[in-house]
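*Asks:*
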Amino acid sequence: MSRTANRSTVPSPFWRDAALPFIEARTVDDGRAICYAKHTHDTFSVGAIVGGTSTYVNGATNAHVGRGVLVIIDPEQVHACNPYGPDAWAYRMVYVDVPWLARLQHALGRDPNRDFHGFSTKWTERGDLFAQFGGFYRTLVSPRVDALGKESAAVEFFTALHGALEREPPDSRPGDDNAKLARAADYIAAHCREAVTLDAICAAADLSPSYLIRAFNARYGMTPHAFLIDRRVQYGRTELRRGRPIAEVALDAGFADQAHFQRAFRRIAAATPGQYRSAMR
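Numbering (my numbering) for the sequence shown: 260 to 540.
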């Protein structure tokens, strides 16, 4: 699915974030006017058909695929997708730089002497993967989620994709990493008002992204990103008790704006910042 289709004819918005230069997304809600020749990408591509039907050519694969299908396209693989039938063909694509995905594969136990391990599966109708991709995609393009939340969602989805399709053996790492996980939690708490990155947390804990997210969630009952938001809200509570203005506290706590702070605060504290602050008077 090309990233260079004529956008003057077919609305096909792209999503990019300078904080996450390794990943890009594309939304097409009605691709009936699209016609692609066979082509390649230098990225790994995965996409969900969310409406209509398309022809799907990927190497020796030639099929009609419809809603509920995930297509999986290795870098430099010749492929083409085109609308089929009268219904609006709609899809969501994510393009991932190969070095980022290769590092994740190595952390999951793949041969570190190979840059990238391609997938033998070219498409799947697994409902669990389709649903997880949908959640990941919504997180990725949401203006309400910060870079750490988006990258964490990417790591979780691509870890699940590898586990489901490649049937890798489970991580045999012994359960003695509590000290490293504690370092990760301490790092997040100490830097919660900053734009914390997944790489920085991993460096502080000396853990790979995929293992960190799984193990952190198992130990603390939430992802590193959720823990970060919780720490920001707790900081905000402290500052509100001191009588500081809500808008000022929101920015100081690391939120993009007051609206982001209010949503997170209400979700965690079951009250608005205004309600909490007024009770302290």
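The beta-carbon is built from N, C-alpha and C at its ideal position, and this holds for glycine as well.
Would you list the one or two residues that DSSP bridges to Ala349?
*Replies:* Bridge partners of Ala349: Gly310.
*Asks:* Quickly, what does DSSP pair Ile556 with across the bridge? List them, please.
*Replies:* There is simply no residue 556 to check, as the chain begins at 260 and stops at 540 in what is shown.
*Asks:* For Leu367, name the three-state secondary structure that DSSP assigns.
*Replies:* Reduced to three states, the DSSP call for Leu367 is coil.
*Asks:* In the DSSP assignment, what are the bridge partners of Val519?
*Replies:* Looking at the sequence provided, one finds His at residue 519 rather than Val. In DSSP, His519 forms no bridge with anything.
*Asks:* Work out the CA separation of Asp387 and Glu397 for me, nearest whole Å.
*Replies:* Per the sequence shown, residue 397 should be read as Arg rather than Glu. Rounded to the nearest angstrom, the two C-alpha atoms are 16 Å apart.
*Asks:* Nearest CA to the CA of Phe281: which residue from Arg442, Lys297, Ala406 and Arg291?
*Replies:* Cα-wise, what sits closest to Phe281 is Ala406.
*Asks:* Suppose contacts are defined by Cβ-Cβ distances below 7 Å. Is Val287 in contact with Gly306 by that definition?
*Replies:* Not in contact: Val287 and Gly306 (Cβ atoms no closer than 7 Å).
*Asks:* Under 7 Å, Cβ to Cβ, is there at least one residue of chain C near Ser304?
*Replies:* Of the protein chains in this structure there is only one, and it is not chain C.
*Asks:* Tell whether a beta-carbon distance below 7 Å holds between Phe514 and Val492.
*Replies:* Their beta carbons are not under 7 Å apart, which means Phe514 does not touch Val492 by this criterion.
*Asks:* Could you name the residues of the same chain whose beta carbon sits closer than 6 Å to that of Arg369, not counting the 5 residues immediately before and after it, in chain order?
*Replies:* Here the set comprises His376.
*Asks:* Tell me which same chain residues have a C-beta within less than 7 Å of the C-beta of Leu487, skipping the five on either side of it?
*Replies:* Correct list, in chain order: Leu407, Ile447, Cys451 and Val455.
*Asks:* Taking the alpha-carbon of Ser304 as reference, which of Val357, Ala322 and Gly394 has the nearest alpha-carbon?
*Replies:* Looking at the Cα atoms, Val357 is the closest of the given residues.
*Asks:* By DSSP, does Leu466 sit in helix, in strand, or in coil?
*Replies:* Looking at Leu466 - three-state DSSP - the assignment turns out to be coil, as it is neither helix nor strand.
*Asks:* Taking the alpha-carbon positions, what's the Asp516 to Val508 distance?
*Replies:* Cα to Cα, Asp516 sits roughly 10 Å from Val508.
*Asks:* Going by CA-CA distance only, name the one from Arg351, Lys381 and Asp489 that's closest to Ala390.
*Replies:* Looking at the Cα atoms, Arg351 is the closest of the given residues.
*Asks:* Using the rule of at least 16 other Cβ atoms within 10 Å of the residue's Cβ for burial, across every protein chain shown, is Ala277 buried or exposed?
*Replies:* It counts as exposed.
*Asks:* Nearest CA to the CA of Ala366: which residue from Val414, Arg403 and Phe395?
*Replies:* The candidate whose alpha carbon is nearest that of Ala366 is Val414.
*Asks:* Which residue or residues does DSSP assign as beta-bridge partners of His584?
*Replies:* Beyond the ends of the chain as shown, which are 260 and 540, falls residue 584; an answer cannot be given.
*Asks:* Just to confirm the assignment, what range does the alpha helix (DSSP H) spanning Val508 have?
*Replies:* From DSSP, the alpha helix (DSSP H) with Val508 extends over Ile505 to Asp511.
*Asks:* Short of 6 Å in beta carbon distance, which residues of its chain neighbour Pro433, apart from the five on each side in sequence? Order them along the chain.
*Replies:* Reliability of the predicted coordinates at Pro433 is poor, the pLDDT of 44 falling under 50, and no value is obtained from them.
*Asks:* What are the boundary residues of the beta strand (DSSP E) that Val330 is part of?
*Replies:* Run containing Val330: Leu329 to Ile332, per the beta strand (DSSP E) assignment.
*Asks:* Helix, strand or coil, according to DSSP, for Phe303 in the structure here?
*Replies:* DSSP places Phe303 in strand when its eight states are reduced to three.
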